[in-house]
Amino acid sequence: MKRIEKIHAYIKEKSNLYKFSDLQGRVGIDAGKIAEDLDILRNNVSMELNALYRQGKIIKIMGRPVLFFDRQVLENLLGESLANSTNQVNSIEEILPKHQMKTPFDYLVGADSSLKKQVEQAKAAILYPPDGLHTLILGQTGVGKTLFAHMMYEYGKAVHKLPPEAPFITFNCADYYNNPQLLVSHIFGHVKGAFTGADSNKSGLIESADKGILFLDEVHRLPPEGQEMIFYFIDTGTFNKLGETTRHRKAKVLIIGATTEDPESSLTKTFVRRIPNVITIKPLAERTMKEKVDIIKILIAQEVERIQKPVKISVESIKGLIGSISYGNVGQLKSNIKLLCAKAFLNSIDNPNYIEIDFKILPTKIKNGLLTLSADRKALAELNTYINESLFVVPEGVKNPVDSKESQEDFNLYQVVEDKVNLLKGENISDELIKQIVATDVNVYIKSFYHKQNINMSVRERLLKIVDKSLADFAQEINTLVQNRLNREYKERFLYAFSLHLSAFLKRIKDEEELPDIELEGGVPKDSLEFKVAIEIKDKIEEHYHIEVPRNEIEYFALLLVSTMEDEKDEKVVIIVAAHGKSTAASMVEVAQGLFGSNDANLIAIDMPLDINPKDILEKMICKLNELNYQEGVLLLVDMGSLANFGTLIMEKLPVKVKTIDMVSTPLILEAMRKADIVGMDLDSIYDSLVNFKGYDIDFTAPEEKAKEVIITICTSGEGAAVKLKELIEEELDSITNRKVDVIPIGVNQMKSSILDLETSYKIIAAVGMVKPPLDIPFIPLEKVISGEAKDFLRKILKSDLKIVKNDKNVVVRNLCEESLEKFLTYLNPKKIMSVLIDFQSVLEKESKRKWNNPLRIRLIVHCGCALERMVVQEGLKYQGEIDEVDTLKVKMIKKAASVFEKTLNIILSDDEIYYMAQMF
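Per our numbering, residue 556 is the first one in the sequence shown, and the count goes up by one each step.
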């Protein structure tokens, strides 16, 4: 075979490896590859290729390097003959105008109009030899910068500039912007010992993105030293990990950055110069009317695919959506459409054919969008050319530009609601009642898109400490129902109180105990909204647990709703101590804080040296107050002179109420702190109680016999949750004091009179529960007991007689863990292994070198207790994650702490169980 024939046969063989779908981007065979594979001199190969080109047997595709493709094979792939003049092209796409496969950018609305220039820039950046152009994407929040970067990545794979398995690594520089060292470490990796806490070598994102794309979102948050390392990597392709002195590591990574800021002011000039390709994505408001309509159609079609039910949306609703487009751009528009579909889904459950979005269900802000658009006659007329009747979208499937990473939870939620509707309709329940029952689910859906934090996980974790998961889920449902019916926010106190009460009620039912038949005199009026909601709660409990709830429980539920109605305020009265002299006020405050055991930020010391202008001192006070939340008012404690008039001047400059007391002293400061901090009194109450305060009277001769001390626990009935609280408080008291303190549970109903009766025989030193008594008594909220903060509170109250405990175990943790494990364990006795589990947790917490909160301690102890039982029955968990990504330092710490199990129980935790634990802290 002649040399030219040999080369032609080789090109034909390689061309036959392509499929029609592969005909995108840089395809074909270059001369260098031919010379290498056939062992022919490069010059001779080039000569024969030119001959084949002149004979019309191959197609020449220009570029660096020039590529060649067999003409006959290409015609077979296209199914048609090529024109004789088609011998040389700039890209394979020129030959395929009728056959060209769609690229990811073809699915982008506006790719051929308002975003045409941007798409061309993106394609050029990917195709630019040899490895593409680093790119910076600019645009407002929500315009689609991340989507655009993803499209560049998909386009790179489609045109074979990136391998099919190429990684796309996303990193938001804002996650670590306040810790530049950790941010740089995350991108480039670090070596052991590079900084405090760097206990092992760690790879960075640059290594992970090798042969692919690294997308740096909010790149303006990258510190200057990080930008310097990035542009050095861009220049040389080499980098070093944090802690290394030489740049000897290599990677091939295309950098795409995105920012909402002006790069000239937010990025270093040297960094900007290294990124020549800057793509600016227009705000949605500046895009064409047709594009806005098309985007709305796509977003609705995506929702239709999730709910698998047609959607009909009126023209007025579409106008409202377009008119309400603002700074949130496409992202906000997507959230608005999700909201409308969720509302419409609920309202249309009695329509089996489709769900309807009409103007009536639009939120006020979107309704106002219609007015905004109507004021622009030109825009309104243009819109009418694209849509002049209701839009009807059926679930035919919609192609996303990029595979969505959004979870399918939204679809599942719709499915859950629909399943529930079908179930209830099978029971012949009215449509109106069905709407009420499923409102909870839909409201959770709505909140998840508008508030992004519909459930506070720390609150849920604490809730799971006192009740099981199913009850916690049900309590969350009731909480949402109550908020929906009463149109007010109920915070965690209601969740805790309701969960405890319901748990105690269900326990009595299970144990067949007789339920207390107590009529609540002077309870909540039966015609009140709270009472009606309480009836609904009773019905919900009966429906959920298939039990009969006594009528008097309605009173308890209603009382609980009324009792927890007030906002739970963390704010306290601000106390300012002002005195003449260089350090008079500061010294008194320091002594008071030392005696009180607190460094409360709401206590401010202002010294006034005699040579300082009073106006300067006033400005200093104003500045200090502006740094705090002063909504509860300011108590101004002064010594004398002009300072006594500052209260009026402060109220002129700030919207705050100020009360002033002169002749300040350390005892006066102590009493003010006690009443503001422990008792939680308001400004007027503190002022009234202190205006005639003359100090502590210590000159007594014949003290009366001390009354018995008591702490009261409060719940709706005084029976269920209050008794449980009584047990917890008694255990806390036993761990911190030798003093005899009784704990007595009472109900919310007639609370004030019950307290007054107790005061005839007892000295009430504190109240614990879901509602603060309307008396001058230190109050510990229920949530502080659950979170473990109550112990410190009790220590303050009982400061004169504390027990020295060598091993101060957290009683709440032990108690709640023991109760939880009793439900889960079959073979191991929770009481017998609890001390070992506490020892394990203590060692692990000490090894981690940080203080844990109670939710973490409880979660780990309960998980570990269950793991021990799994070891006993040989049913250990199998770790499903990537073992290489498990923190080896944490594994080492767990193994050290877990040695106690082998010594005391002869049980060894498997590596898989340890890997799971390493993810928990």
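Cβ atoms here follow ideal geometry from the backbone N, Cα and C, with glycine treated the same way.
Next on the checklist: Counting beta carbon pairs with one atom in the segment 1382–1400 and one in the segment 1432–1444, are three or more of them shorter than 8 Å?
Outcome noted: The segment 1432–1444 is not in contact with the segment 1382–1400.
Checklist entry - Are Asn884 and Gln695 closer than 7 Å when you measure CB to CB? => result Note that the C-beta distance between Asn884 and Gln695 is below 7 Å.
Next on the checklist: Checking 7 Å against the spacing of the C-beta atoms, do Ile1130 and Leu1041 come in under that value?
Outcome noted: No, they are not a contact pair.
Checklist entry - How should Gly1196 be labelled, buried or exposed, when 16 other C-beta atoms within 10 angstroms of its C-beta is the threshold for buried? => result Counting Cβ neighbours within 10 Å, Gly1196 comes out exposed, since fewer than 16 surround it.
Next on the checklist: Helix, strand or coil for Gln627? Go by DSSP, reduced to three states.
Outcome noted: Of the three classes helix, strand and coil, the one that applies to Gln627 here is helix, per DSSP.
Next on the checklist: Assuming Tyr565 is part of the alpha helix (DSSP H), what are its boundary residues?
Outcome noted: In the DSSP annotation of this structure, the continuous segment of the alpha helix (DSSP H) that includes Tyr565 starts and ends at 558–570.
Next on the checklist: Pull the bridge partners of Ser758 from the DSSP assignment, please.
Outcome noted: Answer is Gly744, bridged to Ser758.
Item to check | Residues bridged to Asp585 (per DSSP) | outcome: Residue pairing by DSSP places Asp585 opposite Leu622 in a beta bridge.
Checklist entry - Val1132 and Ile1224: beta carbons closer than 7 Å? => result Yes, the Cβ-Cβ distance between Val1132 and Ile1224 is below 7 Å.
Next on the checklist: I believe Arg626 touches Leu637 by the beta-carbon criterion, under 8 Å. Please report the beta-carbon distance rounded to the nearest angstrom.
Outcome noted: That belief holds up - the Cβ atoms of Arg626 and Leu637 are roughly 7 Å apart, short of 8 Å.
Item to check | Pick from Asn908, Glu858, Ile851 that is closest to Ile880, judged by C-alpha positions | outcome: The residue with the shortest Cα to Cα distance from Ile880 is Ile851.
Next on the checklist: So within the segment 882–934, which uninterrupted alpha helix (DSSP H) runs reach at least 4 residues, ignoring any that extend past its ends?
Outcome noted: Segments of the alpha helix (DSSP H) lying fully in the segment 882–934: 884–902, 919–929.
Checklist entry - From this set, Met1228, Lys1137, Met1176, Ile1216, which residue's C-alpha is nearest Lys1127's C-alpha? => result The shortest C-alpha separation from Lys1127 is found at Met1228.
Checklist entry - Hey, does Lys1095 have any beta-carbon neighbour from chain D nearer than 7 Å? => result Among the chains of the structure shown, chain D does not appear; only one protein chain is present.
Checklist entry - Which word fits Pro1105, buried or exposed, when buried means at least 16 other C-beta atoms lie within 10 angstroms of its C-beta? => result Its Cβ having fewer than 16 others within 10 Å, Pro1105 is exposed.
Item to check | Uninterrupted beta strand (DSSP E) stretches inside the segment 776–848 (no shorter than 3 residues) | outcome: 808–814, 832–835, all fully within the segment 776–848.
Checklist entry - Can you tell which of Ile1092, Phe914, Lys1263, Lys1327 has its C-alpha closest to the C-alpha of Gln1038? => result Minimum Cα distance to Gln1038 is reached at Ile1092.
Next on the checklist: Does the contact criterion of 3 or more C-beta pairs under 8 Å hold for the segment 1297–1304 versus the segment 1368–1387?
Outcome noted: The segment 1297–1304, when compared against the segment 1368–1387, does not touch it at the 8 Å Cβ threshold.
Item to check | Burial state of Tyr1382 (16 or more Cβ within 10 Å) | outcome: Residue environment for Tyr1382: exposed (fewer than 16 other C-beta atoms within 10 angstroms of its C-beta).
Checklist entry - For the candidate residues Asp1217, Tyr1242, Ser1316, whose alpha-carbon lies nearest to that of Glu1264? => result The shortest Cα separation from Glu1264 among Asp1217, Tyr1242, Ser1316 belongs to Ser1316.
Checklist entry - So Gln643 packs on Met617, CB below 8 Å; how close in whole Å? => result 7 Å between Cβ atoms; contact.
Checklist entry - Does the beta-carbon distance from Thr793 to Lys807 come in below 7 Å? => result Their beta carbons are not under 7 Å apart, which means Thr793 does not touch Lys807 by this criterion.
Checklist entry - So what does Leu1192 bridge to, in DSSP terms? => result Paired residue(s): Val1132, Ile1216.
Next on the checklist: Whole angstroms are fine: how far does the CA of Asp1162 sit from the CA of Val1213?
Outcome noted: Their backbone Cα atoms lie some 19 Å apart in a straight line.
Checklist entry - Going by the CB atoms, is the gap between Tyr1470 and Val1427 shorter than 7 Å? => result Contact: no.
Item to check | Residue interval of the beta strand (DSSP E) (run including Cys1421) | outcome: Where Cys1421 is concerned, there is no enclosing beta strand (DSSP E), although the alpha helix (DSSP H) it sits in stretches over 1409–1427.
Next on the checklist: Report the CB separation of Pro865 from Val739 in whole angstroms; it is logged as a contact under 8 Å.
Outcome noted: Contact between Pro865 and Val739 is absent: CB atoms are separated by about 51 Å, not below the 8 Å threshold.
Item to check | According to DSSP, residues forming a beta bridge with Lys1263 | outcome: Assignment of beta-bridge partners to Lys1263 by DSSP yields Tyr1317.
Next on the checklist: Please report the straight-line C-alpha distance between Phe1004 and Leu894, rounded to a whole angstrom.
Outcome noted: Per-residue confidence for Phe1004 stands at a pLDDT of 32, beneath the threshold of 50, marking its modelled position as unreliable; no derived number is given.
Checklist entry - Start and end of the alpha helix (DSSP H) containing Asn1034? => result Residues 1024–1041.
Next on the checklist: Looking at the secondary structure, which residues open and close the beta strand (DSSP E) in which Lys615 lies?
Outcome noted: Unbroken beta strand (DSSP E) run through Lys615: 613–616.
Item to check | 8 Å contact criterion, which Ser755 and Thr1443 should meet: CB distance rounded | outcome: Sure, about 6 Å apart at Cβ, within 8 Å.
Next on the checklist: With three or more C-beta pairs closer than 8 Å as the rule, is the segment 701–714 touching the segment 668–680?
Outcome noted: As far as the Cβ criterion goes, the segment 668–680 touches the segment 701–714, which means the pair count is three or higher.
Next on the checklist: Considering only their Cβ atoms, is the gap separating Leu633 from Gly583 smaller than 7 Å?
Outcome noted: Between Gly583 and Leu633, the CB-CB gap reaches or exceeds 7 Å.
Checklist entry - What separation, rounded to the nearest whole angstrom, lies between the Cα atoms of Ser576 and Gln1429? => result Each residue's CA atom was taken as its position, placing Ser576 and Gln1429 some 52 Å apart.
Checklist entry - Among residues of its own chain, excluding the 5 on either side of Asp661, which ones have a beta-carbon nearer than 6 Å to its beta-carbon? => result Within the same chain, Asp661 has no close Cβ partners at all.
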